[in-house]
Amino acid sequence: MPTETSSMSTGPARDAGADERLVLLEEVDFKWLMAGQGWWIDTWRLHTDSGYASHLLQLVEQIPSTALRTCAAHLQTSLGLG
């Protein structure tokens, strides 16, 4: 008698995909929150130029937005800049 198998993967591969999606959402939030402050974010450069990324994250410290600061802190951790 055939049995039905689950198509959902478990383990590290699934966790890595979830982590990638979470980082993407954090980046989108960060871009929109920064755009609201008048800053345009180059996401390619955010990933390839650590000086640029660090500068943007330092700018956030001067902006009185709790949502932006929280988002930046999460993104900083996700990008390994902390």
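Residue numbering for the sequence shown is 193 to 274, as defined by the working numbering. C-beta atoms are modelled at their ideal positions from N, C-alpha and C, and glycine is treated no differently. Predicted, not measured: the structure shown is a model, and the values here were computed from it.
{"Query": "C-alpha gap between Trp231 and Gln250, whole angstroms", "Result": "13 Å"}
{"Query": "Exposure of Glu276, with buried meaning 16 or more beta-carbon neighbours within 10 Å", "Result": "This structure cannot speak to residue 276, because the chain is shown only from 193 to 274."}
{"Query": "Cβ-based burial, Gly203 [other Cβ within 10 Å; buried from 16]", "Result": "Model confidence at Gly203 stands at a pLDDT of 48, short of 50, so the residue's coordinates are unreliable and nothing is read from them."}
{"Query": "Own chain residues within Cβ distance below 7 Å of Val252, not counting five before or after", "Result": "Leu260, Arg261, Ala264"}
{"Query": "Proximity of Ser270 and Glu218 at Cβ, strictly below 8 Å", "Result": "yes"}
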